[in-house]
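Numbering (mature numbering (1 follows the signal peptide of the UniProt record, and there is no 0)), first residue to last: -29 to -1, 1 to 222.
Every residue, glycine too, gets a C-beta built ideally from N, C-alpha and C.
Computed from a prediction, not measured in an experiment: that's the story for all the values here.
Shown next, in structure tokens, is the structure this report addresses.
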């Protein structure tokens, strides 16, 4: 092959790659809602023992054990595009979702690996059809398919669970911790000032910690949580009780 021909081949390959990369982004954007994809999201992560303290009738709560993932880790509640819900969803599915008939919603299409991950990190998966509700209400507005959407969600959750916040909760089960302690732990992992993205939620009746919510940019594959964080402005509980499996924090 002559040098000139090799140069021509390289030029063609470069052009093809540039075309594919450009149109890959376009293809994703074309799946966004008419209003466009949200540029801000809320990542909602549950502290399941606190939830189960007042929702003991839920199947996923009855099946919780001392060694289950949700007994010592935050779990996936959802990944919510800002100000967008029920994108291209039928009226019947919206009705079923709003009335709590989640098992009547369409099955969420995810591969075997994602199914196994969700079964571990999303306690309401299958049992309460939480994954169907979250997809219909929020995921349909993401612009990506359900498998990619949940893969991203799981990756972000796992990164959070590697943080000092998860350690703080585990080390203080049955005790009261302050918002300042949570923020300090968060910044210890994600950097100074990063805790402005965090909202700490609790049950107003008993101050049991139920959830942490993070305001983030629209996430892309491979992006780190620290690079996605945005100021939240959300309301937080000033102190919370960290419930644990087998610990009755209401007494």
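Asked: Would you mind stating whether residue 182 and residue 172 have Cβ atoms separated by less than 9 Å?; Found: yes
Asked: Let me confirm a value: residue 41 is counted as buried when at least 16 other C-beta atoms fall within 10 Å, else exposed. Which label applies?; Found: buried
Asked: With distance defined between alpha-carbon atoms, name the residue in 79, 23, 190, 202 nearest to residue 167.; Found: 202
Asked: Since residue 23 is in the alpha helix (DSSP H), which residue starts that stretch and which ends it?; Found: 19 to 24
Asked: Report buried or exposed for residue 62, applying the criterion of at least 16 other Cβ atoms within 10 angstroms of its Cβ.; Found: exposed
Asked: When we look at the beta-carbon of residue 49 and count the other beta-carbons within 10 Å, is it buried (16 or more) or exposed?; Found: buried
Asked: By DSSP's criteria, residue 12 is part of a beta bridge. Which residues make up the other side?; Found: 52, 187
Asked: Buried or exposed: where does residue 198 fall if 16 or more other Cβ atoms within 10 Å of its Cβ makes it buried?; Found: exposed
Asked: Whose C-alpha, out of 126, 114, 208, 113, is nearest the C-alpha of residue 93?; Found: 126
Asked: Hey, would you say residue 180 sits closer than 9 Å to residue 21, going by beta carbons?; Found: yes
Asked: Restricting to Cα atoms, I'd like to know which of 140, 70, 98 is closest to residue 152.; Found: 140
Asked: Starting from residue 212, follow the beta strand (DSSP E) in both directions and report where the run begins and ends.; Found: 210 to 212
Asked: Could you check the C-alpha separation between residue 2 and residue 64 for me, to the nearest Å?; Found: 20 Å
Asked: Compute the distance between the beta-carbons of residue 149 and residue 206, then report whether it is under 9 Å.; Found: no
Asked: Check each candidate in 144, 124, 106 and name the one with the smallest Cα separation from residue 79.; Found: 106
Asked: Using only alpha-carbon positions, find the residue among 193, 196, 188, 184 that is nearest to residue 46.; Found: 184
Asked: Going by the DSSP bridge assignment, what does residue 173 pair with across the sheet?; Found: 180
Asked: Are there 16 or more other CB atoms within 10 angstroms of the CB of residue -4, so buried, or fewer, so exposed?; Found: Confidence at residue -4 is low in this model, with a pLDDT of 35, below 50, so the placement of that residue should be treated as unreliable; the coordinate-derived value is given next. Exposed, because fewer than 16 other Cβ atoms sit within 10 Å of the Cβ of residue -4.
Asked: Taking only runs that begin and end inside the segment 124 to 173, name each unbroken beta strand (DSSP E) of 3 or more residues, in chain order.; Found: 147 to 149, 169 to 173
Asked: What would DSSP say about residue 5, mapped onto helix, strand or coil?; Found: coil
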